[in-house]
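Take 5 as the starting number for the sequence shown in my numbering and just add one per residue.
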Amino acid sequence: MAIHLDHTIVPAHDKEASARFIADIMGLEYKGLFGHFAPVKVDDNLSLDFDNREKFDGSHYAFIVTDEEFDGILGRVQGHGRKYGSSPFAQDDMQINHRHTGRGFYFRDDNGHSWEFITHTYIKEEMTGDIGRPAATSAR
Numbered sequence: 005m006a007i008h009l010d011h012t013i014v015p016a017h018d019k020e021a022s023a024r025f026i027a028d029i030m031g032l033e034y035k036g037l038f039g040h041f042a043p044v045k046v047d048d049n050l051s052l053d054f055d056n057r058e059k060f061d062g063s064h065y066a067f068i069v070t071d072e073e074f075d076g077i078l079g080r081v082q083g084h085g086r087k088y089g090s091s092p093f094a095q096d097d098m099q100i101n102h103r104h105t106g107r108g109f110y111f112r113d114d115n116g117h118s119w120e121f122i123t124h125t126y127i128k129e130e131m132t133g134d135i136g137r138p139a140a141t142s143a144r
């Protein structure tokens, strides 16, 4: 059996408003509360379960999407008048990146979460080699 992330809890100040917003941005459907949570079903393997919290740190959520999905998501982010950016350190430069032979961008929601959408993963190239990894140090 392959291992898949089944669901993750996304803390929010208003779980239903946040679920509706992200579902709209991603071109998905929010179907209402399921028990205590406001879930957004991303695909057959993943649900984002929004939950009300008063205090929390912002998190990062990254998704691989097709070129068509990327264009739609970027268009909806722009349609909502949201700032977006080309890197985690420039989430408001109103640019996309073209790293890893694909395209990508980031934006923040009203909860301070950073959402990333990319058309090509960096994991295969960078995480299997030494690119981006700190140099090994010798033990003394």
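The C-beta atom is built at its ideal place from N, Cα and C for all residues, glycine as well.
Query, Result
"C-beta atoms of asparagine 49 and lysine 19 nearer than 9 Å", "no"
"Residues near leucine 9 by beta carbon distance below 8 Å, same chain, minus five either side", "Asn49, Leu50"
"9 Å Cβ cutoff met for leucine 78 and tyrosine 88", "yes"
"From Ser91, Phe67, Val44, Ile13, residue whose alpha carbon lies closest to that of aspartate 28", "Val44"
"Range of the contiguous alpha helix (DSSP H) that encloses glycine 108", "Here glycine 108 belongs to no alpha helix (DSSP H); instead the beta strand (DSSP E) covers 108-112."
"For lysine 59, the nearest candidate out of Gly116, Phe121, Tyr126, Thr125 (CA to CA)", "Gly116"
"Integer-rounded CB distance, given that serine 63 should sit under 8 Å from glutamine 95", "About 14 Å separates the two Cβ atoms, so there is no contact after all."
"DSSP bridge partner residues for phenylalanine 121 (one or two, in chain order)", "Phe67, Phe109"
"Candidates Arg107, Asp114, Glu72, of which the one nearest histidine 124 by Cα", "Arg107"
"Same chain, Cβ closer than 6 Å to phenylalanine 54, neighbours up to 5 away in sequence not counted", "Val14, Ala16, Lys19, Ser22, Ala23, Ala42"
"Alpha-carbon spacing of glutamate 33 relative to histidine 102, whole angstroms", "29 Å"
"Below-9 Å beta-carbon distance, serine 22 vs any chain B residue", "Absent from the structure is chain B; it holds one protein chain and no more."
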